[in-house]
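Residue numbers (the working numbering): 45 to 202.
One structure is given here, and the rest of the page talks about it.
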């Protein structure tokens with residue numbers, strides 16, 4: 045304020061703030077929008093993980109009768125778990141490949157909306173499939189392990 049008054053004594057100064065403070069106020073709506081978009085993206089990732097778990101778990105649980113037959117014929121539990129988990133993960137692998145191809149194709153269309161992030165952000169294109177892949181592995185393994193531990197007679201009655 046003093047420097048401004050030294051230059052011009054009639055200068056009116058209402059408020060003094062640094063450029064960082066001024067830019068912070070000006071960019072607040074954009075930052076809030078980006079934050080809300082990030083929150084909704086996180087919720088979408090959580091919901092997709094829950095949905096993926098449900099679908100893969102259901103697909104594996106539908107094969108309980110098959111597990112009973114295999115166990116009755118002498119298959120060991122580890123082999124049955126690997127068989128069921130591999131079957132569930134095949135669907136996830138196909139979906140992941142299709143999703144990555146679609147994301148790469150649509151990334152060009154969204155490039156105008158991105159700020160501070162590259163069109164083909166390696167972190168995003170690696171982190172999301174890894175998170176969904178880990179979810180799918182758990183979704184396939186847990187029901188497969190549960191089915192392999194069942195008594196074959198109980199599994200055949202299901």
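The beta-carbon is built from N, C-alpha and C at its ideal position, and this holds for glycine as well.
Just so we're clear, the structure is a prediction, and the values are computed from it rather than from any experiment.
Limits of the alpha helix (DSSP H) - the one that residue i falls within
i: residue 59; result: Counting along the chain, residue 59 falls outside any alpha helix (DSSP H), and DSSP gives it neither H nor E.
i: residue 64; result: 63 to 70
i: residue 48; result: 46 to 51
i: residue 189; result: 166 to 192
CB-CB length for residue i against residue j, believed under 8 Å
i: residue 150; j: residue 184; result: Going by Cβ atoms, the distance from residue 150 to residue 184 rounds to 28 Å, so no, they are not a contact pair.
i: residue 104; j: residue 191; result: 7 Å
i: residue 10; j: residue 188; result: Missing from the structure shown is residue 10; the chain here goes from 45 to 202 and no further.
Span separating the alpha-carbon of residue i from that of residue j
i: residue 85; j: residue 75; result: 15 Å
i: residue 199; j: residue 116; result: 10 Å
i: residue 47; j: residue 55; result: 10 Å
i: residue 113; j: residue 197; result: 9 Å
i: residue 195; j: residue 201; result: 10 Å
i: residue 108; j: residue 163; result: 44 Å
i: residue 152; j: residue 59; result: 43 Å
i: residue 52; j: residue 65; result: 24 Å
i: residue 118; j: residue 94; result: 34 Å
i: residue 87; j: residue 80; result: 11 Å
i: residue 61; j: residue 68; result: 11 Å
i: residue 50; j: residue 63; result: 21 Å
i: residue 110; j: residue 166; result: 41 Å
Selection from the options that minimises the alpha carbon distance to residue i
i: residue 139; options: 165, 174, 106 and 153; result: 174
i: residue 147; options: 130, 170, 93 and 160; result: 170
i: residue 168; options: 63, 57, 82 and 123; result: 82
i: residue 77; options: 166, 102 and 157; result: 157
i: residue 186; options: 142, 101 and 57; result: 101
Proximity below 8 Å, CB of residue i to CB of residue j
i: residue 181; j: residue 133; result: yes
i: residue 206; j: residue 71; result: This structure cannot speak to residue 206, because the chain is shown only from 45 to 202.
i: residue 89; j: residue 161; result: no
i: residue 92; j: residue 154; result: no
i: residue 131; j: residue 193; result: no
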